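Number of protein chains: 2
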Amino acid sequence: MKMAAGLEQAFVRHGFADASVDTLREAAGVSLRTLYKYMPSRADMVLAALEYRHRRYMAEVLNDLPADPAQARDALMTRAGDWMQSEAAHGCLFHSAVAADPANATLRALLERHKHEVATRAALATGLEGQDVALLLIMEGLTQTWPLRGAEAVSAAKHLAALLAEDQP
Amino acid sequence: MKMAAGLEQAFVRHGFADASVDTLREAAGVSLRTLYKYMPSRADMVLAALEYRHRRYMAEVLNDLPADPAQARDALMTRAGDWMQSEAAHGCLFHSAVAADPANATLRALLERHKHEVATRAALATGLEGQDVALLLIMEGLTQTWPLRGAEAVSAAKHLAALLAEDQP
DNA sequence: CCGGATGTAAAGTGATCGTTCTACTTGCGC
DNA sequence: GCGCAAGTAGAACGATCACTTTACATCCGG
Numbered sequence: 001m002k003m004a005a006g007l008e009q010a011f012v013r014h015g016f017a018d019a020s021v022d023t024l025r026e027a028a029g030v031s032l033r034t035l036y037k038y039m040p041s042r043a044d045m046v047l048a049a050l051e052y053r054h055r056r057y058m059a060e061v062l063n064d065l066p067a068d069p070a071q072a073r074d075a076l077m078t079r080a081g082d083w084m085q086s087e088a089a090h091g092c093l094f095h096s097a098v099a100a101d102p103a104n105a106t107l108r109a110l111l112e113r114h115k116h117e118v119a120t121r122a123a124l125a126t127g128l129e130g131q132d133v134a135l136l137l138i139m140e141g142l143t144q145t146w147p148l149r150g151a152e153a154v155s156a157a158k159h160l161a162a163l164l165a166e167d168q169p
Numbered sequence: 001m002k003m004a005a006g007l008e009q010a011f012v013r014h015g016f017a018d019a020s021v022d023t024l025r026e027a028a029g030v031s032l033r034t035l036y037k038y039m040p041s042r043a044d045m046v047l048a049a050l051e052y053r054h055r056r057y058m059a060e061v062l063n064d065l066p067a068d069p070a071q072a073r074d075a076l077m078t079r080a081g082d083w084m085q086s087e088a089a090h091g092c093l094f095h096s097a098v099a100a101d102p103a104n105a106t107l108r109a110l111l112e113r114h115k116h117e118v119a120t121r122a123a124l125a126t127g128l129e130g131q132d133v134a135l136l137l138i139m140e141g142l143t144q145t146w147p148l149r150g151a152e153a154v155s156a157a158k159h160l161a162a163l164l165a166e167d168q169p
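Next comes the structure, spelled out in structure tokens:
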């Protein structure tokens, strides 16, 4: 398994505060020396895991959505729910990382870049370019509400996205 | 200042991972011995801060909303935005606490209790009892989107809440 | 005015953490 | 088959942390 993939898994499982470098080393499947060769500090391990996560999220949730806007909206929310179920039962990993180290500007910039890319791609695919803030809000809300309400959160997100689309000029 | 108030401030400022007990002691304004007398472990300090936070959030965001449902909806979102601006520029403190220690069941139960109380009270005040999941989703979305988009997030939340209300049977 | 409860300051303890260092092994071009 | 790049295991180091302990101050009812 790729080093970054193991790191991502370790951070998901243990959280950013309690994942020790030795835990990370084991998850990455390499020796400590090799780990530090490619990621010279623990902070770099966090960044590598998040970069990997970003690419995976984009590929699994936002790639190849149906061309029809209504179908794209539903598929987007379904896929986001599936992602939560299989990958992020504890909430958004980027927000977790920032929460664990609020003073880290690099981390915050990475969060903003990730969310901006998500919002832009989602708005484009669903034909809601003019309502990108509201669409981002729905997706963020789904991500946070899913751990509390599960599938009900997906239905609510689809419902809200549909109302938003009907309201378009 | 009350001990719990100082602890809450310290966790907001430093995050749950990087707030050392000595930092907490200074923020609480007491000696280490007294701090440990009332909160026998660091985990108890986290719980005390969150309990305090919960009461404050309820009082400042959900208490005494206008009787008219439409006005209540707008006031709710406005107040939630104001709360973010003055108190939580880095996102929900409960989610941050859980993210910093995902294996802690007590913490997760506290998060669920807090969100459940927020959702119930908000739905009641806005006349959206049947749509409480969607309303919670909007509030969670606002909380997560505010750090990224500021006032635009508040407008989007008001818009979505209005659409939800219009759609009521 | 005394004695006990209640507070403070600060040094000490043992564990753990991130990071570095030492020593050994393996694959591979020449 | 030699030499070197690149890997492994794991001990060692210095810092920091949560928590304990020791020693001293202050309040206050009797």
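Protein chains in written order, with full-length UniProt numbering: chain A, 1 to 169; chain S, 1 to 169. Backbone N, C-alpha and C define an ideal beta-carbon position, used for all residues, glycine too. Given the structure is predicted, the values throughout are model-derived calculations rather than measurements.
Could you work out which residues of chain A lie near L136 (chain S), taking near to mean beta carbons separated by less than 7 Å? T145
Contact list for F16 (chain A) against chain S, beta-carbon separation under 9 Å: A17, A99, A100
Could you tell me whether any Cβ in chain S is nearer than 8 Å to the Cβ of R149 (chain A)? yes
For a test of the three-state rule: what should DSSP assign to L128 (chain A), helix, strand or coil? coil
Would you report the Cα separation of M3 (chain A) and K158 (chain A), rounded to the nearest angstrom? 36 Å
Proximal chain S residues relative to D167 (chain A), where beta-carbon distance stays under 7 Å: L163
Any contact between the region 59-75 of chain A and the region 150-168 of chain A? By contact I mean 3 or more CB pairs, one from each, below 8 Å. yes
Let's see if you can read the secondary structure: which residues bound the alpha helix (DSSP H) around S96 (chain S)? 93-100
Just how far apart, CA to CA, sit E152 (chain A) and W83 (chain A)? 15 Å
Please tell me whether M139 (chain S) and A59 (chain S) are closer than 8 Å, where the distance is taken between their beta carbons. no
Inter-residue spacing [alpha-carbon to alpha-carbon] between A156 (chain A) and L124 (chain S): 18 Å
Within 10 angstroms of its Cβ, does G38 (chain S) collect 16 or more other Cβ (buried), or is it exposed? In the sequence as presented, Gly is not what sits at residue 38 (chain S); that position holds Tyr. Classification of Y38 (chain S): exposed, given that the 10 Å Cβ count is below 16.
Considering just the uninterrupted stretch of the alpha helix (DSSP H) at M45 (chain A), what are its terminal residues? 42-57
Output needed for R42 (chain A): all residues of its chain with C-beta closer than 8 Å, excluding positions within five of it in sequence on either side, in chain order. V21, L24
Going straight from the alpha carbon of T143 (chain A) to that of T120 (chain A), what length do you get? 17 Å
Can you tell me the Cα-Cα spacing of N104 (chain A) and E166 (chain S), whole angstroms? 42 Å
With 16 other CB atoms within 10 Å as the buried threshold, where does L32 (chain S) fall? exposed
Starting from H159 (chain A), trace the alpha helix (DSSP H) in both directions and tell me its first and last residue. 151-166
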